[in-house]
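Q:
In my numbering, the protein residues as written are 60 to 118.
#1: For the ligand ATP, is there any heavy atom lying closer than 7 Å to the beta carbon of residue 77?
#2: Nearest-angstrom Cα distance between residue 64 and residue 96?
#3: Rounded to a whole number of angstroms, what is the C-alpha to C-alpha distance between residue 89 and residue 80?
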């Protein structure tokens, strides 16, 4: 009985660790995606704002 309880506890711990690792990986991926999107969007907005600012300067 004790062996079965220990095995069950070990399995539960391993499952919890795997779940935590998966969650951490997903969070890291989401953060990386958000960082990449935030890094690309301001560049696009900046280039768009520069393009919109150029005609008034020439005129």
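All C-beta atoms in this analysis are idealised placements derived from N, C-alpha and C, irrespective of residue type, glycine included.
A: Taking the coordinates as given:
#1: The ligand ATP is not part of this structure, which contains no ligands at all.
#2: For residue 64 and residue 96, the distance between alpha carbons rounds to 48 Å.
#3: Residue 89 and residue 80 have their C-alpha atoms roughly 14 Å apart.
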